[in-house]
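In full-length UniProt numbering, the protein residues as written are 1 to 1098. Structure first, then comments.
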Amino acid sequence: MNQSTNNMWSKRMLGGVPQAWRTKLGAAVLTVCLMQANAMAFGQRVTVKVKDVTIVSLLKEIRKQSNMDVFYDAKTLNDSYKVSVDLKNADIKEVLEVALKGLPLSYQVTGEGITIRKGQQAATAINVKEVQATVDMEGRIVGQNGQALGGATVSVKGMNKSTQTNSNGSFVLKNVQDGEILVVSYVGYLTKELIGRPQLGNIVLTVLDNPLDAVQVIGYGKTSKRLTTGAVATVRAEDLEKQPVSNPLQALSGRVAGVYISEGSGIAGSQVKVEIRGKNTIKAGQNPLYIVDGVPFSATPTEQTSGNPVVNGIVGGGFSPLDNIPSSDIESIDILKDADATAIYGSRAANGVVIITTKKGKAGEMKIGANIYSGVSQMANRLKMLSKDEYIAVRKKAFENDNLKPTAANAPDLLTFGDGETDFIDYVYGNLAGMIDATATVSGGSNQYQYFVSANHRTQNSIFPQSFQDKKSTIRFNMQTQSANSKFFMNFSGGYTKNINNLPSASLSAIYALPPNLPLYKDDGSFYWHNSYVNPAAALLGPMESVTDNILLNSSLKYVIIPGLEFKTELGFNRINNENYRAMTRNSRNPNTMSTGQLSYNNNYNQNFSIEPQLTYQRTLGPGRMEALIGGTYLNSVAGQPLFLIGSFTNDALYRNLASVNSQVSLSGYASTRYISAFTRLNYVMSNKYILNVNARRDGSSRFGPGNRFGNFGSIGAAWIFGEEHFMKENLPWISFGKVRGSYGTIGNDPNQDYAYLATYAASSFATHYNGVASLVPETLPNEHFKWEVTRKLDFALDLNFLQDKISFSAGWYRNRSNNLLIDIPVAAQTGFETYLENLPALVQNKGWEFNLTTKNIDRTNFSWSTSINFTAAKNTLLNYPGLAKSSLNSTYVVGQPLSVALGYHLLGFENGIAKFQDMDGNGNITPGVYETTGKGDEVVLGNSDPKFFGGVNNSFNYKGFALDFLFSFVKKDGFNIYHDGMPYIPGNAYNAVADVLNQPFRLTTLRGGEAATSYNRWRASDGTFKDASYIRLKNVSLTYQFEPKRVKSLGLKNLSVYLRGQNLWTASKYIGFDPETQGMAGIPPLKVYTIGLHTTL
């Protein structure tokens, strides 16, 4: 800017200001600028690693990193002065102190820059080292809020001398020469280097932004991605809270490599299937182990349908207990995948471990937070069915093909239903469902006491036309305290959730097949009934209420015996109780066929109590750090069903009064499982480059017979951080981090069935009563000799960061093999049973590749853009199954194929509208049976429903106060389309069909028997319906605006943000049906969700 321009600007901006005020204003601005410049200079930190370079070269590097001016006389700094500096995240003054030590130079750092001058000749570095006396250095390591950081490492740079802080963050490093460089490190915090002196006071560490050093929760401890030897993935609160979901497991979809998430339904509370690195077993449990704040959490669904597998889109017979934990309460979810990460949990971790850590209070002033959002959801894809005109045309053509005449008896849809038209899918599922979710939090505390309390309420309406709602209220707390001498610590947390879910009681899947002209009401307004069809308007009057109470408590007590040696005990309690009423009221049933109502009542609970004492020892050992852990587990799990009742009633108003119900079936049950275990871990980190981790566990389970209750499991993992080697830093400096790791271990699995080794009995309603008392009949055929399933896991991985961590890449290969599988073996009919539980030398294998890529595409002051991609290619195989051909499972599994193998007929084509199939066994008939397994029958392998590959792509943009995130998930897989189980009758019958049927070459018929219908049913179970079910889904979009703090301060707020979020917004797929993820027509697919909300802190 030239002088004239400058004067013009001054006149325009300050023309109306008196000269005296201009002078004062200029002085004030200058003062502020100088203060800011000095503050910036004082706080500048740089990382320098140079060897035998000139001082001028060093100063250029400092200027490059700090943008500070450097002033010196070229004659003063001649090339004879060579310096070596190796400091990380150090203050500029510390760098200059080290560099100029022993040289006749001095420095000054001000707001104007760095000035180098000639100074007094100092003693040479060699002489200084010789005359310096050793001293003891004392200090305390704290976080930014002043909280003590116990377990931090303080070491002398370049020397084999280090110590760790105690629980109060204090340390003493003995016999150190004054002026040595100290290195302070702590997991999750930025490593700091400083010049040592006897009294160091409080040393403040800054929380790391580098994901490599963020805290990663593992079994009975913590680590970081940098130092872990296992396959652990972490999803943090900021990603969970961007997704408006009721179950936190839904938020994992598309975010974690090797973890396949599938939703059972779009209904609130429905189950979410989590599959970590494939299916490992046939009979035993396939759920991962869930740990919430150190307490085992049952994933067994609450029994909301009383045995009915599908009601109102809830597939699988129950609600997910994980739905009781609001995402807003969660700090992180860690998924443990390989043997190194899971073996310490032993028999319960064959299918992986999911560790959920809830939020805790932090030292500082009280913070009051509030988050509230509201929105709507709707069915994402409304399947197109035949219109009334298309349906009638199909029906008339079918009668013509059969040479039959329509009558009121065989064609009421053509002759008596009338001209009305109803889109029944739109009628039942086409509504907008409102929702509201509100959370309030209070947190704070001091260095000795911290607290966190949260309350959440969520109301979510259903997409059904009546006022069905899911209401959930949760209160959660956490308190942490320590004694004045920092030797005793206590953590107490808990939560209570009340969930009331109301849904219609009837299964409404039949609506898809209703003729579009079926009337709902008569002229007088009463329901229209027809014995062949359900009336959905009436069916929606039948209520179902599921009430769930969940209480979770955890207490952790820790005592520091001596520095480095700690004793800790974890006490945990979790109880889930569910009470369910499912009433088919009289007004919802056809009075021509049903004169009474029917009630299904179920009351069940699942309760866990655990205690886990632990002893941990940490110390410096040689050039590294060693940590040893030994502990034990006692777990008592109780599952009870105080009452299961099925009965009829005559008064709709009294169905909840069980005394008024005419009981037809009344049962109760109880089962208790106990585990007792011992475990140990030894971890050694040498020079922050070489890591060894060994786990061992001995498990005992009451689910086995007396001679086989105990099993031994363990793992070994190792890692080499080769990026820290000198040859890497010298030759490949663009690689900022590099690590290879591997692990191998064994994990067990129990039968997921109580008392299978005992002969159990049950009351029989069919046996003759004796003196009015029901007799008992054998319920199981016992086998006290079955043993543990064993899964052997092998894992290798490579982690690389490039260009100062702007690009992060990891690639991993795994192979899991499970043998000694627990399987129901067929037995002779003379025993009175069909099967009994036994071990078979069957072998199931899962292997695959996992890739993760994160890039910081743009990282500027006001704008940033980052991308995260994860990709998994996996394959499941049944490698061996002795005697499969003679097993009852010979029509379910095939050796050499995945456990999810799809079997059916091979379609050759059509002749005159009749489907023709390949006759595999050549007997002239098309018959059931898997030819490859038994040599009989005509069923072949069509493929499998496992994903061949899956993953997600997330992009994050930040511009000033705006943040935009969007996540795409993708899956490559096959599956049966809607015809397989959703369209049971050949087109032409008195049932509607999907509009796509007009593109199919079937001969239309009204007959349910005959050649055409038979070929149609075979076609439904053939490769004619087993098709590509791959999809790409816009899983989540989040747009947030964060107001500047100074703008909201006048409102009494510390921060305020508003946001728009969406879930399941768009799906691209060739799949014929509602949804490629849920498939079929039994369940309601995941819903499309739109929300708007705000978050604030007082």
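Just so it is clear, CB atoms sit at the ideal spot from N, CA and C, and this is done for glycine as well. As the structure is a prediction and not an experimental result, all values here were calculated from the model.
In this structure, Arg-681 is the residue among Gly-909, Asp-965, Ala-639, Arg-681 with its C-alpha nearest to the C-alpha of Ala-343. For Val-930, the number of other beta carbons within 10 angstroms of its own is at least 16, and it is reported as buried.
Excluding sequence positions up to five before and after Phe-489, its CB lies within less than 6 Å of the CB of Gln-482, Lys-558, all in the same chain and listed in chain order. Taking C-beta atoms as the reference points, Gly-943 and Phe-1074 fail to come closer than 8 Å. In the DSSP assignment, His-457 falls within the unbroken beta strand (DSSP E) covering 449-461.
When the alpha-carbon of Ser-84 is set against those of Asp-52, Leu-552, Val-70, the nearest one is in Asp-52. When secondary structure is reduced to three states using DSSP, Lys-64 falls in the helix class. Between the segment 411-421 and the segment 362-373, the count of Cβ pairs shorter than 8 Å is below three; the stretches do not touch.
In the assembly as shown, Phe-649 is a buried residue. Its beta-carbon has 16 or more other beta-carbons within 10 Å. Annotation: Ser-462 to Ala-915 spans about 41 Å, alpha carbon to alpha carbon.
For Lys-82, the enclosing beta strand (DSSP E) covers residues 82-91. Closest in C-alpha terms to Trp-1019, from the list Gly-445, Gln-271, Asn-977, Thr-115, comes Asn-977. The C-beta distance from Lys-273 to Gly-264 rounds to 7 Å, short enough to meet the 8 Å contact threshold.
Judged by beta-carbon spacing, Thr-1005 lies within the 8 Å limit of Ala-398, meaning their Cβ atoms are closer than that value. Looking at Leu-190, Arg-382, Ala-393, Ala-349, the one whose alpha-carbon comes closest to that of Leu-432 is Arg-382.
Selection Val-638, Leu-336, Asn-651 evaluated against Thr-673 yields Val-638 as nearest (Cα-Cα). Per DSSP, Tyr-755 lies in no alpha helix (DSSP H) segment and is marked neither H nor E. With respect to the 8 Å criterion, Lys-1088 and Gln-378 are classified as neighbours on the basis of their beta carbons.
One alpha carbon belongs to Arg-582, the other to Thr-760, and they sit about 29 Å apart. Across the set Leu-173, Ile-392, Gly-151, the C-alpha of Leu-173 shows the shortest separation from the C-alpha of Glu-138. Fewer than three Cβ pairs drawn from the segment 239-253 and the segment 705-712 lie within less than 8 Å of each other, which leaves the two stretches out of contact. If the five residues before and after Arg-1061 are omitted, its C-beta is found closer than 6 Å to the C-beta atoms of Pro-244, Ser-1038, Thr-1091, all from its own chain and listed in chain order. Within its own chain, the residues whose Cβ lies closer than 7 Å to the Cβ of Met-983, once the five positions on either side in sequence are excluded, are Ala-993, Val-994, listed in chain order. By the Cβ rule, the segment 319-333 counts as touching the segment 491-510, because three or more pairs are nearer than 8 Å. At the C-beta level, Ile-276 and Asn-351 come within 8 Å of one another.
Boundaries of the beta strand (DSSP E) harbouring Trp-720: 710-720, taken from the DSSP string. Taking the Cα positions, Asn-890 is about 11 Å away from Lys-936. Exclusion of the five residues before and after Gly-909 leaves Lys-916 as the residues of its chain whose Cβ lies within less than 7 Å of its Cβ.
Under the three-state reduction of DSSP output, Pro-536 falls in the helix class. It is roughly 7 Å from the alpha-carbon of Asn-708 to the alpha-carbon of His-785. With a 10 Å radius around the Cβ and a threshold of 16 neighbouring Cβ atoms, Ile-858 comes out exposed.
For Asn-683, DSSP records a beta bridge to Glu-627, Asn-693. Here Phe-968 is bridged, per DSSP, to Val-953, Leu-1034.
Nearest neighbour of Gly-179 by Cα position, chosen from Phe-319, Ala-885, Gly-102, turns out to be Gly-102. Comparing C-alpha distances from Glu-627 to each of Ser-600, Glu-566, Thr-422 shows the shortest one belongs to Glu-566. Of the other Cβ atoms in all chains shown, 16 or more fall within 10 Å of the Cβ of Ser-66; this residue is therefore buried.
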